[in-house]
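First to last, the sequence lines map onto chains A and B.
Going by this note's numbering, the final residue of the first sequence carries number 343, and the count climbs one at a time with no gaps.
Going by this note's numbering, the final residue of the second sequence carries number 343, and the count climbs one at a time with no gaps.
Worksheet: one structure, shown below.
Number of protein chains: 2
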Amino acid sequence: MRLTALAGGVGAAKLLSGIVRVSPPEKLTVIVNTGDDFQCMGLHISPDLDTVTYTLAGIENPATGWGIRDDSFHCLERLRELGADTWFQLGDRDLATHIFRTHRLQAGERLSEIVSAAARANGIQTRILPMTDSFVPTLVHTDEGTLEFQDYFVRRKCAPVVRGFDFKDIQAAMPASGVLESIRQAKAVIVCPSNPFISIGPILNVPGVREALQTTRARILAVSPIVAGEALKGPAANMMRQLGLEVSAFGVASLYRDFLDVFVIDSADGDLRAPIEALGIQVHTVNTIMDSTASRIALAEPVLDLLS
Amino acid sequence: MRLTALAGGVGAAKLLSGIVRVSPPEKLTVIVNTGDDFQCMGLHISPDLDTVTYTLAGIENPATGWGIRDDSFHCLERLRELGADTWFQLGDRDLATHIFRTHRLQAGERLSEIVSAAARANGIQTRILPMTDSFVPTLVHTDEGTLEFQDYFVRRKCAPVVRGFDFKDIQAAMPASGVLESIRQAKAVIVCPSNPFISIGPILNVPGVREALQTTRARILAVSPIVAGEALKGPAANMMRQLGLEVSAFGVASLYRDFLDVFVIDSADGDLRAPIEALGIQVHTVNTIMDSTASRIALAEPVLDLLS
Numbered sequence: 036m037r038l039t040a041l042a043g044g045v046g047a048a049k050l051l052s053g054i055v056r057v058s059p060p061e062k063l064t065v066i067v068n069t070g071d072d073f074q075c076m077g078l079h080i081s082p083d084l085d086t087v088t089y090t091l092a093g094i095e096n097p098a099t100g101w102g103i104r105d106d107s108f109h110c111l112e113r114l115r116e117l118g119a120d121t122w123f124q125l126g127d128r129d130l131a132t133h134i135f136r137t138h139r140l141q142a143g144e145r146l147s148e149i150v151s152a153a154a155r156a157n158g159i160q161t162r163i164l165p166m167t168d169s170f171v172p173t174l175v176h177t178d179e180g181t182l183e184f185q186d187y188f189v190r191r192k193c194a195p196v197v198r199g200f201d202f203k204d205i206q207a208a209m210p211a212s213g214v215l216e217s218i219r220q221a222k223a224v225i226v227c228p229s230n231p232f233i234s235i236g237p238i239l240n241v242p243g244v245r246e247a248l249q250t251t252r253a254r255i256l257a258v259s260p261i262v263a264g265e266a267l268k269g270p271a272a273n274m275m276r277q278l279g280l281e282v283s284a285f286g287v288a289s290l291y292r293d294f295l296d297v298f299v300i301d302s303a304d305g306d307l308r309a310p311i312e313a314l315g316i317q318v319h320t321v322n323t324i325m326d327s328t329a330s331r332i333a334l335a336e337p338v339l340d341l342l343s
Numbered sequence: 036m037r038l039t040a041l042a043g044g045v046g047a048a049k050l051l052s053g054i055v056r057v058s059p060p061e062k063l064t065v066i067v068n069t070g071d072d073f074q075c076m077g078l079h080i081s082p083d084l085d086t087v088t089y090t091l092a093g094i095e096n097p098a099t100g101w102g103i104r105d106d107s108f109h110c111l112e113r114l115r116e117l118g119a120d121t122w123f124q125l126g127d128r129d130l131a132t133h134i135f136r137t138h139r140l141q142a143g144e145r146l147s148e149i150v151s152a153a154a155r156a157n158g159i160q161t162r163i164l165p166m167t168d169s170f171v172p173t174l175v176h177t178d179e180g181t182l183e184f185q186d187y188f189v190r191r192k193c194a195p196v197v198r199g200f201d202f203k204d205i206q207a208a209m210p211a212s213g214v215l216e217s218i219r220q221a222k223a224v225i226v227c228p229s230n231p232f233i234s235i236g237p238i239l240n241v242p243g244v245r246e247a248l249q250t251t252r253a254r255i256l257a258v259s260p261i262v263a264g265e266a267l268k269g270p271a272a273n274m275m276r277q278l279g280l281e282v283s284a285f286g287v288a289s290l291y292r293d294f295l296d297v298f299v300i301d302s303a304d305g306d307l308r309a310p311i312e313a314l315g316i317q318v319h320t321v322n323t324i325m326d327s328t329a330s331r332i333a334l335a336e337p338v339l340d341l342l343s
């Protein structure tokens, strides 16, 4: 069964690592958000691509969700001694990815080629695609003005009240080669439990992607990133509240209702089954908390069953 | 006593580390070769500036002469795993310097400002100046054609026969701020025991430098990099031979005769005293081999005595 997944960072990577344990990894294509890509110390950083790549390679840092397991921070320590403004954590091994990517981008290579080379070098059989080869950074419109995503997320710790989002220059961006085809030709599409605004949102805004989801014959399933009114990780719940949406799996389902066939929600949210089904979406309840390898597999199995 | 030194890499750094132990480091200005600067993985590398900086900071790797003591190579190992062409050794702590420099150069800062910031951050009181803020890479004309310096030096291991040198775009380069002034206003100038072609040569070819040396009132002393017909390190002897020069301290003296007052040669080369004095250059013989901290000081002391 050919599968395609839309993915943000940590939550997505956990589910995907479960999926490749119970179905053939080479049949899976992952389309990854690059809206939160940014430059740090002249290096091009792609947080979600790296989290997905490291997790599928089995070298992710389970304590933080980002970076490489047991990494050292000698370069970062020296950068601090030199007086550099190093607000972003750069592990020594992680840094290799950023240098490799930045150097090849500067040499004119496409991001998708670089991601593919890094995946191969990491022994990953799954196809990892950036949503686009263009740089389309997320802009967060807030009550304090428009902020770049990392500025909102890291420096301001999500304190400003969100009014909306934009993805700079995305109207002119093309989906990376394989993105639309993988949605159209898949047997099923999985929307990972990622932030609907800043992880899945950018992917849906790449020209052609939302239309491909609306028109594909693939069965489309999403896993809710909201459990019992709270985000499993990150600012999704806060954003929904500030944007006037219901902070629940129902609120997420309403954002995906134009293309979603099946919504997997947490057992804690059983009371939302009827309202979500009323949107024309099939509902499945299961434990969606992935706090162990076993629980990733325990979530991946029913997801695959629902799609086969 | 205000001192100015012209410096290449390891040999120069050893002598300078002796000098700052026996005279006030803040009275010393070091003008450093940047002819062998190059790009590696998109990073701007300045080998001689780094060797001088690390040595004066007391963090140099004594085993190799380049890089930082007890550095790790985790980033480089990962770069290799990713399939990057990493022929240059990049330690994790060393890498911080390259990232810091590259990022600030890309932001439009001058190399000399960056070098100065790095020196301050390393607690160095000596003023370190690149010879120029411009990129003037050394080109080696050989019997196999013209090669970039790192290509000749690292990849070809100095095998091609040298016919001459050029420093790309150097005619249009300006000396870095302070370079000419420090030569004109010093009480004395020390030409370190560095390769006369590819370490001191580029400095002498920066417009205005050779004239400043010829006309300054400062007493000018050089320490021979050639002892008993052999270079202490690197390809200097080979280059002299291939260019048809006498491979000796005399050969080096003849390259500097238009500005040199005093030449410090090794005790092993006492027979060269008369021929060098015949060039109008005062000669002093001493042990010039710096294989310990004590021997660096033992060389620095007579050098300073000769200049005071």
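For each residue, glycine too, the CB sits at the ideal point set by N, CA and C.
So, is Met209 of chain B buried or exposed, given that buried needs 16 or more other C-beta atoms within 10 angstroms? As a working mapping, residue 209 of chain B is identified with position 174 in the second sequence. Burial call: exposed.
8 Å Cβ cutoff, Ser151 of chain A in contact with chain B: The residue you call residue 151 of chain A lines up with position 116 of the first sequence. Cβ-Cβ to chain B under 8 Å: no for Ser151 of chain A.
Start and end residues, beta strand (DSSP E) containing Gly100 of chain B: Along the second sequence, read from residue 1 onward, the residue named residue 100 of chain B stands at position 65. Run containing Gly100 of chain B: none; DSSP gives neither H nor E here.
By Cβ distance below 7 Å, which residues in the same chain neighbour Ala288 of chain A in space, the five residues on each side in sequence not counted? Translated into positions along the first sequence, residue 288 of chain A becomes position 253. Once the five neighbours on either side are set aside, the close Cβ partners of Ala288 of chain A are Leu295, Phe298, Ile311, Leu314 and Ile316.
By alpha-carbon positions, which one of B:Lys268, B:Tyr291, B:Asp293 and B:Gly264 ends up nearest to Val282 of chain B? For the purposes of this step, residue 282 of chain B is taken as residue 247 along the second sequence, with counting starting at 1. When each option's Cα is compared against that of Val282 of chain B, the closest is B:Gly264.
Looking only at C-alpha atoms, which of B:Ile159, B:Asp201 and B:Leu278 sits nearest to Pro60 of chain B? Numbered from 1 along the second sequence, position 25 holds the residue referred to as residue 60 of chain B. Ranking the options by Cα distance to Pro60 of chain B, first place goes to B:Ile159.
Using the Cβ count rule (16 or more neighbours within 10 Å means buried), how would you classify Arg128 of chain A? For the purposes of this step, residue 128 of chain A is taken as the residue at position 93 of the first sequence. Classification for Arg128 of chain A: buried.
Start and end of the beta strand (DSSP E) containing Leu38 of chain A? Counting from one through the first sequence, the residue named residue 38 of chain A turns up at place 3. Taken as a continuous stretch (DSSP letters only), the beta strand (DSSP E) holding Leu38 of chain A covers Leu38 to Ala42.
Just to make sure I have the definition right: I need the residues of chain A whose C-beta is within less than 7 Å of the C-beta of Asp127 of chain B. Which are they? Counting from one through the second sequence, the residue named residue 127 of chain B turns up at place 92. Near Asp127 of chain B (Cβ distances below 7 Å), the residues of chain A are Ser107, His109, Cys110 and Asp127.
Asp72 of chain A, enclosing alpha helix (DSSP H) - first and last residue: For the purposes of this step, residue 72 of chain A is taken as residue 37 along the first sequence, with counting starting at 1. Premise fails: Asp72 of chain A is in no alpha helix (DSSP H) and is neither H nor E.
Could you give the distance in angstroms between the alpha-carbon of Gln249 of chain A and the alpha-carbon of Asp293 of chain A? Position 214 of the first sequence, counted from the first residue, corresponds to residue 249 of chain A. Position 258 of the first sequence, counted from the first residue, corresponds to residue 293 of chain A. Their backbone Cα atoms lie some 7 Å apart in a straight line.
Which listed residue (A:Pro165, A:Thr132 and A:Ser169) has its alpha carbon closest to that of Ser217 of chain A: Position 182 of the first sequence, counting from 1, holds the residue named residue 217 of chain A. Of the candidates A:Pro165, A:Thr132 and A:Ser169, the one whose C-alpha sits nearest the C-alpha of Ser217 of chain A is A:Pro165.
Using a Cβ-Cβ distance under 8 Å, would Phe123 of chain B count as near chain A? Taking the second sequence and counting its residues from 1, the one referred to as residue 123 of chain B is at position 88. So, not an interface residue.
Residues of its chain near Met245 of chain A, where Cβ-Cβ distance is below 8 Å and the 5 sequence neighbours each way are ignored: The residue given as residue 245 of chain A occupies position 210 in the first sequence. One point to set straight first is that residue 245 of chain A is Arg, not Met, in the sequence displayed. Result list for Arg245 of chain A: Leu239, Asp293 and Phe294, in chain order.
Using Cβ-Cβ distances below 8 Å, what residues of the region 62-81 of chain A are close to chain B? Met76, Gly77 and Leu78
Answer yes if the region 103-115 of chain A comes into contact with the region 187-207 of chain A, meaning at least three C-beta pairs across the two stretches below 8 Å, and no otherwise. no
Out of curiosity, what's the CA-to-CA distance linking Thr64 of chain A and Val197 of chain A? For the purposes of this step, residue 64 of chain A is identified with residue 29 of the first sequence, where counting begins at 1. For the purposes of this step, residue 197 of chain A is identified with residue 162 of the first sequence, where counting begins at 1. Approximately 32 Å between the Cα atoms of the pair.
Distance, Gln277 of chain B Cα to Met76 of chain A Cα: Taking the first residue of the first sequence as 1, we reach residue 76 of chain A at position 41. Taking the first residue of the second sequence as 1, we reach residue 277 of chain B at position 242. Computed Cα separation, rounded: 43 Å.
Where Met275 of chain A falls, given that 16 or more other Cβ within 10 Å makes a residue buried: Locating residue 275 of chain A in the first sequence gives position 240, where the first residue counts as 1. It is buried - the Cβ of Met275 of chain A has at least 16 other Cβ atoms within 10 Å.
Would you mind giving the Cβ-Cβ distance between Ile163 of chain B and Ala152 of chain B, rounded to the nearest angstrom? I have them listed as a contact below 8 Å. Along the second sequence, one-based indexing puts residue 163 of chain B at 128. Along the second sequence, one-based indexing puts residue 152 of chain B at 117. Incorrect: roughly 11 Å between the Cβ atoms, too far for contact.
Any chance you could list the alpha helix (DSSP H) runs of at least 4 consecutive residues sitting entirely within the region 128-179 of chain A, in chain order? 146-156
Cβ closer than 9 Å: which chain B residues qualify as neighbours of Phe285 of chain A? The count along the first sequence starts at 1 and reaches residue 285 of chain A at position 250. Going along chain B, no residue has its Cβ under 9 Å from Phe285 of chain A, so there is no contact; the nearest lies around 43 Å.
Starting from Gly236 of chain A, trace the alpha helix (DSSP H) in both directions and tell me its first and last residue. Here residue 236 of chain A is taken as the residue at index 201 of the first sequence, counted from 1. Where Gly236 of chain A is concerned, the enclosing alpha helix (DSSP H) stretches over Ile235 to Asn240.
Identify the continuous alpha helix (DSSP H) that holds Ala223 of chain A and give its terminal residues. For this step, residue 223 of chain A is matched to residue 188 along the first sequence. Looking at the DSSP string, Ala223 of chain A is not in any alpha helix (DSSP H); the run it does join, the beta strand (DSSP E), is Ala223 to Val226.
For chain C, is any of its Cβ atoms less than 8 Å away from the one on Glu116 of chain B? No chain C is part of this structure, whose protein chains are labelled A and B.
How long is the line joining the alpha carbons of Arg115 of chain B and Arg252 of chain B, rounded to whole angstroms? Start at 1 with the first residue of the second sequence, and residue 115 of chain B comes out as number 80. Start at 1 with the first residue of the second sequence, and residue 252 of chain B comes out as number 217. Straight-line Cα distance between these residues: approximately 52 Å.
Integer-rounded CB distance, given that Thr173 of chain A should sit under 8 Å from Asp71 of chain A: Start at 1 with the first residue of the first sequence, and residue 71 of chain A comes out as number 36. Start at 1 with the first residue of the first sequence, and residue 173 of chain A comes out as number 138. Right, the Cβ-Cβ distance comes to about 6 Å (below 8 Å), so this counts as a contact.
With DSSP collapsed to three states, give me the class of Pro210 of chain A. Within the first sequence, residue 210 of chain A is the residue found at index 175, counting from 1. Pro210 of chain A falls in the strand class under three-state DSSP.
Along the chain, where does the alpha helix (DSSP H) that runs through Phe285 of chain B open and close? Locating residue 285 of chain B in the second sequence gives position 250, where the first residue counts as 1. Start and end: Ala284 to Tyr291.
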